[in-house]
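At position 51 of the sequence shown (counting the first as 1) the number is 81 in this note's numbering, and the numbers step up by one without a gap.
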Amino acid sequence: MGYEEMRTSSRAEIFPRGPLPEWIAAETFFSLVSRIHGLWGCQHAWQVCEWLLGQRRAPNYHDLPGALDAFCVATGHVYGDTRTIALERTLLRFYQPFLDEGMVRKSVDQMGSASVAHLKFRIGVLTGGMRANHPLKACPECMASDVTEHGCPTWHLDHQYPCVWFCPKHGVPLRVSTRKSTGVGRFQWAVPRLTELMTPPSFAETGPQAEMLRLGQMTATLIESSPVGGLADSRTSARFLRRLQDLGWRSAAGRMNVQVLRPALRDYLQRLQGLPELSRTADSMEDMAGSLANMLVRPRPAVHPVKTLLAIHFLFDDYGDYAGCESDASGGNACSVEPQVSKDEECGTRQVVQHGLDQGSSMREIARVSGLAVGTVQAWAAKLGVESQRRPKLVKEAVRRALLERLRHGEDKSTAAAACGVSVQVVTRLLRSVPGLRQAWSSARHSKRKEECRLAWHQHCIAGAGAGVNFVRALVPEVYAWLYRNDRAWLNANKPASLPPLTRRRTVDWGRRDEELRRSVLVAANKLREAGRDGPLRLWEIYQRVPELKARLSSLPKLPLTRQALWLVLEDRQTSRSTLI
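Okay, structure coming up:
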């Protein structure tokens, strides 16, 4: 739908200041409001913020915006509720599989409010040694298609995912917007324009296109196919361990061949050299290989999502390969629960049945006088050691003996009933009416369950060797719970060894970082001059093309080469140079 068609749309009646366009497929919330800003012909960004988001300086971030509650109210909920917009039209969709339901709910609530302060910290984006910025990215071919079909280019959500640097649809490199990446124009609304897009410097000339394209396609498929917490639960770690064992990098006893794993990870990261996520990390390539190896050897929670995606891409060929690597899970048999009665009722019933038996009355006579069911009287008589007389109808003697044998060995009621051709109710009556049978059945089931749980725990301890007790417990929580309640002494004696505390210390190669930033500054300045930029350059123009520079301005004393390069390219601009002092 073009702009002229949207002006005559029925949605124009909803908001008095102008028409409200329809969602475009895969469009982000930031893209929608940017189109509204252009459609209404607003001169200033604060006008749309005030009208749609409730305040002039609303948190109109392109990745994790705020004030969604006010937006839904202002537009009459025609675009959906806050949760729908947050999970389907913002980058919270990318982080959803790495969070539990409680954290997703809190994140949605905060994005609905007027402030999203510390949200990135709460969802774990600021941890793990990775950068937390999300540059706006666009595909030139998708932009052309959007203009043809809708009259305006848009920002696509799957293009904004970390690790996605090639368009999953067209396979061409994505270009990065110079807006909002370093704080320049951070309060503006903008649709993608070719004049404001540039190819990331890290793979402008050379780049492993096939490898990075496969990484992006796998990332997009993983995000779209995974539910809340689907990439953060113990099953992902179990897939890693099983895959490592299939590849021969982990023995059946759980020992990891780190001497082979680390070089393989190094070669893998070398093939991805130029990936912006890796260029922005504080670790060197060797440190990143060690970090991924530690994550695979000792699976831990709260791992940065990019590291999880790199591990999946390293171990598996595609999403189908990852999804097909399921871990074996053991489950316990459900136990039937009988209705509970109070102590006083039990005592009264016992006394009535005991008195009737002492008088020599029959079970049916006791039931008639006391008002109890015949089955209840028979059950209490069995508890008192008295077996009721039998008048077999369907349950012949041979069937009864077979049932008694199976139940004394702890066989499940439904299984025993099916094997002997009777109903479960017949088995239940037999358990209640034969003296000592229920106790023998319960004792046999307890012993059987104990052996099953011990075996399952022992097998998973071997499979998760070196990962710690919490990891094994997460694999089989029902087995751990049963052993903790019923066999705690054995459990304490058969726990895996605790993990040693991590003593790894992060070191930064300031010399390497200084040389890389110096080179980036000079390249950016040359490109600005080649593009026809006359007059003195400004500092913001430099770090608009070198996003890492702004985060390092406070560390310039440790970066003498970078500082010298900035003095050189800004020598005609005294005000810009003053910020370097």
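Here a beta-carbon is modelled for each residue, glycine too, at the ideal position from N, C-alpha and C.
Apply the 10 Å Cβ neighbour rule to residue 510 and answer buried if 16 or more other Cβ atoms are within range, or exposed otherwise.
Counted from its first residue, the sequence shown places residue 510 at position 480. If you draw a 10 Å sphere on the C-beta of residue 510, you find 16 or more other C-beta atoms in it, and that means buried.
If we ignore side chains and look at the alpha-carbon of each, how far apart do residue 490 and residue 523 end up?
Taking the first residue of the sequence shown as 1, we reach residue 490 at position 460. Taking the first residue of the sequence shown as 1, we reach residue 523 at position 493. Going by C-alpha positions, residue 490 is about 15 Å away from residue 523.
In three-state DSSP terms, what is residue 57?
Within the sequence shown, the letter at position 27 stands for residue 57. In the three-state reduction of the DSSP assignment, residue 57 falls in the strand class.
Pair within 8 Å by beta-carbon distance, residue 153 and residue 133
Residue mapping note: residue 153 aligns to position 123 of the sequence shown, counting from 1. Residue mapping note: residue 133 aligns to position 103 of the sequence shown, counting from 1. Residue 153 places its beta carbon less than 8 Å from that of residue 133.
Mapping the DSSP letters down to three states, classify residue 235 as helix, strand or coil.
By 1-based counting over the sequence shown, the position of residue 235 is 205. Its pLDDT being 48, under 50, residue 235 is placed unreliably by the model, and the measurement read from it follows with that caveat. Look at residue 235 here: in three-state DSSP terms it is coil, with no helix or strand label.
Between 49, 130, 140 and 187, which lies nearest to residue 93 when the distance is taken from Cα to Cα?
On the sequence shown, residue 93 is found 63 positions in, with the first residue counted as 1. Checked all of 49, 130, 140 and 187; the closest Cα to residue 93 is 187.
Give the straight-line distance between the Cα atoms of residue 348 and residue 251, rounded to the nearest whole angstrom.
Reading the sequence shown from its first residue, position 318 is the one you call residue 348. Reading the sequence shown from its first residue, position 221 is the one you call residue 251. Cα-Cα distance, rounded: 9 Å.
At which residues does the alpha helix (DSSP H) containing residue 205 begin and terminate?
By 1-based counting over the sequence shown, the position of residue 205 is 175. Residue range 205 to 207 is occupied by the beta strand (DSSP E) that includes residue 205, with no alpha helix (DSSP H) assigned at that position.
Could you tell me whether the stretch 90 to 108 touches the stretch 167 to 174, where touching means 3 or more Cβ pairs closer than 8 Å?
Flag = no, the stretch 90 to 108 and the stretch 167 to 174 do not touch.
Classify residue 270 as helix, strand or coil using the three-state DSSP reduction.
Locating residue 270 in the sequence shown gives position 240, counting from the first residue. In the structure shown, the three-state DSSP call for residue 270 is helix.
Does the Cβ-Cβ distance between residue 145 and residue 96 come in under 8 Å?
Taking the first residue of the sequence shown as position 1, residue 145 is located at position 115. Taking the first residue of the sequence shown as position 1, residue 96 is located at position 66. In this structure, residue 145 sits near residue 96, with a CB-CB distance shorter than 8 Å.
DSSP three-state label for residue 196, please.
Here residue 196 corresponds to residue number 166 of the sequence shown, with the count starting at 1. Annotated three-state conformation of residue 196 is strand, per DSSP.
Kindly indicate the opening and closing residues of the alpha helix (DSSP H) around residue 298.
Here residue 298 refers to the residue found at position 268 of the sequence shown. Start and end: 288 to 301.
How close, in whole Å, do the beta carbons of residue 194 and residue 230 come, if the pair is a contact with beta carbons under 8 Å?
The count along the sequence shown starts at 1 and reaches residue 194 at position 164. The count along the sequence shown starts at 1 and reaches residue 230 at position 200. Actually they are not in contact, since the Cβ atoms of residue 194 and residue 230 sit about 12 Å apart, beyond 8 Å.
With contact counted as at least three CB pairs below 8 Å, one residue from each stretch, are the stretch 536 to 555 and the stretch 574 to 590 in contact?
Taking 8 Å as the limit for Cβ pairs, the verdict is that the stretch 574 to 590 does touch the stretch 536 to 555.
Nearest-angstrom Cα distance between residue 322 and residue 559?
Position 292 of the sequence shown, counting from 1, holds the residue named residue 322. Position 529 of the sequence shown, counting from 1, holds the residue named residue 559. Looking at the two C-alpha atoms, the distance is approximately 41 Å.
For residue 168, which residues does DSSP report across the bridge?
What you label residue 168 is simply residue 138 of the sequence shown in a count that begins at 1. Answer is 205.
Here's the rule I'm using: 16 or more other beta-carbon atoms within 10 Å means buried, otherwise exposed. How should residue 50 be labelled?
Looking up residue 50 in the sequence shown gives position 20. In summary, residue 50 is buried, with 16 or more beta-carbon neighbours lying within 10 Å of its beta-carbon over all protein chains present.
Coarse secondary structure for residue 325, derived from DSSP in three states:
Numbered from its first residue, the sequence shown carries residue 325 at position 295. In the structure shown, residue 325 sits in a helix (DSSP, three-state: H, G or I).
Hey, how far is the Cα of residue 494 from the Cα of residue 483?
Residue 494 sits at position 464 when you count from the first residue of the sequence shown. Residue 483 sits at position 453 when you count from the first residue of the sequence shown. The straight-line gap separating the alpha-carbon atoms of residue 494 and residue 483 is approximately 16 Å.
Considering just the uninterrupted stretch of the alpha helix (DSSP H) at residue 335, what are its terminal residues?
Here residue 335 corresponds to residue number 305 of the sequence shown, with the count starting at 1. Start and end: 335 to 345.
Are residue 185 and residue 75 touching if we call contact CB-CB under 8 Å?
Along the sequence shown, one-based indexing puts residue 185 at 155. Along the sequence shown, one-based indexing puts residue 75 at 45. Taking 8 Å as the Cβ cut-off, residue 185 and residue 75 do not qualify as a contacting pair.
Short of 6 Å in beta carbon distance, which residues of its chain neighbour residue 149, apart from the five on each side in sequence? Order them along the chain.
Here residue 149 is taken as the residue at index 119 of the sequence shown, counted from 1. If the five residues before and after residue 149 are omitted, its C-beta is found closer than 6 Å to the C-beta atoms of 94 and 140, all from its own chain and listed in chain order.
From the DSSP secondary-structure annotation, give me the bridge partner or partners of residue 227.
Numbered from its first residue, the sequence shown carries residue 227 at position 197. BP columns for residue 227 point to 207.
Comparing C-alpha positions only, which one of 167, 477 and 264 sits nearest to residue 440?
For the purposes of this step, residue 440 is taken as residue 410 along the sequence shown, with counting starting at 1. Restricting attention to 167, 477 and 264, the CA atom closest to the CA of residue 440 is found in 477.
At a threshold of 7 Å, does residue 347 count as lining the ligand FMN (C-beta to nearest heavy atom)?
Among the components modelled here there is no ligand, and therefore nothing to report on the ligand FMN.
What number of angstroms, rounded off, separates the C-alpha of residue 505 from the C-alpha of residue 208?
Translated into positions along the sequence shown, residue 505 becomes position 475. Translated into positions along the sequence shown, residue 208 becomes position 178. Here the C-alpha atom of residue 505 lies approximately 45 Å from the C-alpha atom of residue 208.
What separation, rounded to the nearest whole angstrom, lies between the Cα atoms of residue 298 and residue 281?
Counted from its first residue, the sequence shown places residue 298 at position 268. Counted from its first residue, the sequence shown places residue 281 at position 251. Roughly 22 Å separates the two Cα atoms.
Go through its chain and collect everything with a Cβ distance to residue 255's Cβ below 8 Å, but skip five positions before and after it.
For the purposes of this step, residue 255 is taken as residue 225 along the sequence shown, with counting starting at 1. 349 and 353.
Buried or exposed by the 16-neighbour rule on C-beta atoms within 10 Å, applied to residue 71
Here residue 71 corresponds to residue number 41 of the sequence shown, with the count starting at 1. With fewer than 16 other Cβ atoms from the protein chains shown falling within 10 Å of its own Cβ, residue 71 counts as exposed.
Put residue 244 into one of helix, strand or coil per three-state DSSP.
To locate residue 244, count along the sequence shown from 1; it is residue 214. Collapsing the DSSP output to three states places residue 244 in a helix.
Report buried or exposed for residue 278, applying the criterion of at least 16 other Cβ atoms within 10 angstroms of its Cβ.
To locate residue 278, count along the sequence shown from 1; it is residue 248. Its Cβ having fewer than 16 others within 10 Å, residue 278 is exposed.
Can you grab the Cα-Cα spacing for the pair residue 545 / residue 600, in whole Å?
Residue numbering aside, residue 545 sits at position 515 when the sequence shown is read from its first letter. Residue numbering aside, residue 600 sits at position 570 when the sequence shown is read from its first letter. Spanning the two alpha carbons is a distance of roughly 18 Å.
Local conformation of residue 113 per DSSP, three classes
Numbered from its first residue, the sequence shown carries residue 113 at position 83. Looking at residue 113 - three-state DSSP - the assignment turns out to be helix.
Residues near residue 191 by beta carbon distance below 7 Å, same chain, minus five either side
Within the sequence shown, residue 191 is the residue found at index 161, counting from 1. Within its own chain, the residues whose Cβ lies closer than 7 Å to the Cβ of residue 191, once the five positions on either side in sequence are excluded, are 124, 249, 250 and 253, listed in chain order.
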